[in-house]
Structure formats: structure tokens, C-alpha cells
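Below you'll find the structure, written out as C-alpha cells, and then a few comments.
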């Protein structure tokens, strides 16, 4: 398996624009996590899914952020409208379910810069 | 709510020496997992070691070992025979057995000097 794949690797956008980050989890994994990493706040859990269903979105900062998982092999994190304070590295991670739901495997991250 | 605390923002060690990174956590769950992840400058998150809470024996992976103190809710990482390639950010993480949330501490930046 190629691992968790995120796209794009880098994104630069202007304030007010819509940004969509994409993630393809490892095949067969039941859990998908979205994280945001900044120097000030570290690694924050934004939302996670189990079998394509959002389980906990309490970390989503505000209504400008939304996440979907239309099927087991694809998820998106959308920011609309984007603001400079959204600049961060966004990670997607996936993990197996059941007895094997231990560690998560991470993608390479998307570095988002909002100017 | 579960929390993970890493009180050492930065640590340094001489090559070939031993260093210990600290981590404490808070939870009311009885079943959970603890992890240490390494993030080198490439920003890739790499699993270093894993500990199941129900196991009393401390996990080891080559030069990496943990000191898991369940009653004290402490989970430290010991790196023996440190190498230049160990220089990275190290994150302690907790995953609940009931909630399945995977949450991280704020990280410790480890520098390794020749």
C-alpha cells in the first residue's frame, strides 16, 4: 500500500478564498483523523471518522471548517472563507479498526499558507 | 476529557549518550494505548513505540524504551546510544479504548550534538 496520501503538498491562497484539502486513507482502515499543526498549538485533532461517519468534530475551530468522507477511500477538509490564521500544516491519518485500532498512520501533510 | 502533557519543550543530548523525554496524561478510561511519534524536519510522523495500558511490561524497540507508570499516569521515552538521526520533534500520544480519539502532547524538540 502507498500509505496515506494527501494533496496538495503545498497550498498558497488569498484570504477569503475556499480551500479544499484531500486525503486518501490506507485501504481497509476504518478510522480517519484530521489534524492541524502550528507552532503555537501543536497537533490539534480537528475531527475523526469511523466507517465514513463523523464521530467527534469538537476540534473544528469554527463554521468555516467542514469535513466530509463520502466513501472509505476519500475525505476532504474544506475552509471557506480562508483567513491568514488558518495557515498551518494539516495532517490526515488513518488506522485499522477492531482489535487492531491502535496507532495511526500519517500522510505527508499539506502546508497551507493564507496571504 | 483526556489530556497529554509534555513539559519539556526542548532537550539536548550528546551523541552515544542516553536521554529521557517525559510525558504525563490524564484519563478516566481503564483501557487505552500510548505512543511516541517522531517528526523529523521532513515533517513525516513516524511511530517510534507503542504501549498497551493493560500490559505491565514496558515496551522496547531497539534503542527506544518506555517507562510506563499507570498509577502515576506517566509515560516517558528513553533513547539509548543517541544518534544524530534521532534529532527531531517527539510527540507523546494517547488513544482511548472507548472514545478512540488520538490526541497528542505539544512535543519535545530533541537536539543531538556530536
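Chains as they are written, first to last, in this note's numbering: chain A, -12 to 102; chain B, 34 to 147.
We put the beta carbon where it would ideally sit given N, CA and C, even for glycine.
Nearest-angstrom Cα distance between residue i and residue j?
i, j, result
"residue 95/B", "residue 41/B", "24 Å"
"residue 99/A", "residue 82/A", "24 Å"
"residue 45/A", "residue 52/B", "36 Å"
"residue 23/A", "residue 47/B", "32 Å"
"residue 56/A", "residue 104/B", "38 Å"
"residue 150/B", "residue 141/B", "Any question about residue 150/B goes unanswered here, given that chain B covers just 34 to 147."
"residue 66/A", "residue 113/B", "43 Å"
"residue 142/A", "residue 91/A", "This structure cannot speak to residue 142/A, because chain A is shown only from -12 to 102."
"residue 70/B", "residue 71/A", "28 Å"
"residue 125/B", "residue 79/B", "12 Å"
"residue 64/A", "residue 39/A", "14 Å"
"residue 147/B", "residue 122/B", "18 Å"
"residue 110/B", "residue 75/B", "22 Å"
"residue 43/A", "residue -11/A", "27 Å"
"residue -4/A", "residue 96/A", "6 Å"
"residue 102/A", "residue 78/A", "20 Å"
"residue -9/A", "residue 86/B", "27 Å"
"residue 41/A", "residue 58/A", "12 Å"
"residue 36/B", "residue 31/A", "12 Å"
Counting only beta-carbon separations shorter than 9 Å, does residue i have a partner in chain A?
i, result
"residue 128/B", "yes"
"residue 88/B", "no"
"residue 94/B", "no"
"residue 106/B", "no"
"residue 43/B", "no"
"residue 57/B", "no"
Shorter than 9 Å from the beta carbon of residue i to some beta carbon of chain B?
i, result
"residue 89/A", "yes"
"residue 108/A", "Here chain A has residues from -12 to 102 only, and residue 108/A is not among them."
"residue 92/A", "yes"
"residue 52/A", "no"
"residue 76/A", "yes"
"residue 42/A", "yes"
"residue 80/A", "yes"
"residue 167/A", "Examination of residue 167/A is not possible in this model, given that chain A is present from -12 through 102 alone."
"residue -7/A", "no"
Where does residue i sit, in a helix, a strand or coil, going by DSSP?
i, result
"residue 73/A", "helix"
"residue 118/B", "helix"
"residue 85/A", "helix"
"residue 60/B", "coil"
"residue 43/A", "strand"
"residue 87/B", "coil"
"residue 49/A", "coil"
"residue 9/A", "strand"
"residue 74/B", "coil"
"residue 92/B", "coil"
"residue 67/A", "coil"
"residue 14/A", "coil"
"residue 38/A", "coil"
Give me the DSSP bridge partner(s) of residue i.
i, result
"residue 80/A", "20/A, 93/A"
"residue 44/B", "143/B"
"residue 112/B", "52/B, 97/B"
"residue 107/B", "57/B, 102/B"
"residue 60/A", "Note: residue 60/A sits in no beta bridge, so no partner."
"residue 3/A", "Answer by DSSP bridge pairing: none, since residue 3/A is not bridged."
"residue 29/A", "25/A"
"residue 101/A", "0/A"
Residues in the stretch 59 to 81 of chain B having any Cβ partner in chain A nearer than 7 Å
66, 68, 76, 77, 78, 80
Below 9 Å between beta carbons is the criterion; list the residues of the stretch 5 to 37 of chain A that meet it against any residue of chain B, in chain order.
18, 20, 22, 24, 28, 29, 30, 31, 32, 35, 37
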